[in-house]
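Comments concern the structure below.
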Amino acid sequence: MFAKKSKILYGDWIYDWLLEKKEYIKESTYANYSNNIFNHIIPKLGNYYIDNLNHKIIQDFLLNLFKNGRKDGNGGLSEKTIKDITIIIKGSLKKAINEEKLRHFELSFIYPKDNKDSKIYILTKTEQKKITDYVLENLTNRNLGLLISLYSGIRIGELCALQWKDIDFKKHILSVNKTIQRVYIKDKDKNTSKVIITTPKTKNANREIPINKDFLELLKQLKTNDEDYIITGNSKYLEPRTYRKYFNKVLKQVKINSFNFHSLRHTFATNCISLGVDYKTVSELLGHANVNITLNLYVHPRLSQKKKCIDMICKVFQENN
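Right, dumping it as structure tokens:
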């Protein structure tokens with residue numbers, strides 16, 4: 002069936018599609034959609050009539066984003082951002098095809114993979130000890146948050162959202178069930194910035210983490226009302242960007258070179274793997290959507306392990322001869 006001729010601009014169509022989606026997606030997802038639509042999609046594709054769009058136009062657009070998608074002219078967008086943009090475009094075009102505003106065409110697109118070195122920083126044993134000793138010698142709510150991240154692997158947004166009611170002192174369990182983040186929402190006539198408290202990024206991120214008995218005693222020293230936030234000790238939360246600034250001050254205090262807060266999570270995961278904890282358990286502790294994410298991020302066999310593997314294979318071959 003042929004699409005009915007339409008003189009609807011894609012910019013108008015995708016904006017209406019965005020407003021419809023608003024009722025069914027998380028606010029953080031809506032913020033991501035709105036930023037990608039107004040920053041990238043509408044400026045390049047918005048002036049096309051919707052029935053003039055085709056596979057080549059969309060494909061060329063996505064490839065160009067990889068080469069030169071940033072507004073500052075310093076190269077292209079990340080693979081993840083382009084994936085997000087692709088999802089948005091496909092969703093809006095599927096609706097247009099279903100409503101016969103657009104002739105059906107293949108909605109499968111390709112784009113180059115990131116070749117950037119995505120090495121993650123892992124704290125040395127000395128750095129871990131420096132941070133641990135500093136917190137124990139200067140026990141405050143904000144400092145305690147650093148140990149919670151280092152010894153449980155929770156994300157900074159999840160940490161900032163933790164309240165004392167999320168810790169079961171009888172069962173020795175820490176429940177991760179929400180996250181704090183600042184979102185930036187774009188619209189036709191205004192931009193909005195706000196802090197939101199929402200459920201974690203995926204279903205698996207809703208999780209329970211056992212707490213060591215000794216660590217529990219440490220927590221008890223600072224416990225206040227159930228509704229208070231753990232890293233502030235009162236009813237007011239601290240947003241992630243503010244806590245990152247505090248974290249950087251602590252690094253200077255203990256004379257450690259600056260690194261990303263997320264490295265505390267990476268370090269926790271790496272410690273688990275090196276201690277022989279099975280990958281499924283590590284994945285669930287981290288709240289990953291699936292174990293493959295854990296394997297791809299943290300399981301990198303050393304050359305000595307690879308050599309051992311080859312030697313074992315050769316030994317079997319020799320025994321069979």
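If you read the sequence shown in the working numbering, its first letter stands for residue 2, the second for the next number, and so on.
C-beta atoms are modelled at their ideal positions from N, C-alpha and C, and glycine is treated no differently.
Query raised in the report: Looking only at DSSP bridge pairs, what is R208 linked to?
Result: V177
Query raised in the report: Span of the alpha helix (DSSP H) holding K96?
Result: 80-99
Query - Proximal residues to F3 (C-beta, below 7 Å), its chain only, five neighbours per side dropped - result: Any reading at F3 must be qualified, since the residue scores a pLDDT of 45, below 50, and its modelled position is unreliable; no value is offered.
Query - Buried versus exposed call for A290 [16 or more other C-beta atoms within 10 Å across all chains shown] - result: exposed
Query - Residue from V283, I186, L217 whose Cα sits closest to the Cα of Y34 - result: I186
**Report entry** Cβ contact (3+ pairs, closer than 8 Å) linking the stretch 82-92 and the stretch 54-70
**Finding:** yes
Query raised in the report: Are N121 and H267 closer than 9 Å when you measure CB to CB?
Result: One point to set straight first is that residue 121 is Ile, not Asn, in the sequence displayed. In contact: I121 and H267 (Cβ atoms closer than 9 Å).
**Report entry** Rounded straight-line distance, which links the Cα of D190 to that of I51
**Finding:** 23 Å
Query raised in the report: Just checking my contact of I231 with G146 at CB under 8 Å: how many whole Å lie between their CB atoms?
Result: 7 Å
Query - Candidates I98, Q254, K307, T180, of which the one nearest G325 by Cα - result: In this structure the chain extends from 2 to 322, so residue 325 is not present and cannot be described.
Query - Nonlocal neighbours in the same chain, by C-beta distance under 7 Å from N55, ignoring five residues either side - result: F106
**Report entry** Collapsed DSSP secondary structure at T243 in the structure displayed
**Finding:** helix
Report task. Would you tell me roughly how many angstroms separate the C-alpha atoms of I174 and E240, rounded to the nearest one? Result -> 24 Å
Query raised in the report: Can you list, in chain order, the stretches of the beta strand (DSSP E) that have 3 or more residues and sit fully within the stretch 106-182?
Result: 174-177
**Report entry** Runs of alpha helix (DSSP H) wholly within the stretch 269-316 (minimum 4 residues, chain order)
**Finding:** 280-287, 292-299
Query raised in the report: How do the stretch 267-286 and the stretch 153-171 stand: do at least 3 beta-carbon pairs fall below 8 Å, yes or no?
Result: yes
**Report entry** Three-state class that DSSP yields for M2 in the structure shown
**Finding:** With a pLDDT of 44 at M2, under the threshold of 50, the modelled position of this residue cannot be trusted; read the value that follows with caution. In the structure shown, M2 sits in coil (DSSP, three-state: anything other than H, G, I, E or B).
Query raised in the report: Got a sec? Which residues, its chain only, sit under 8 Å from Q222 by beta carbon, not counting five neighbours each side?
Result: L140
Query raised in the report: Residue range of the beta strand (DSSP E) that N192 falls in?
Result: 192-199
Query - 8 Å CB neighbourhood of F260 in its chain, flanking five on each side removed - result: Y122, L124, L252
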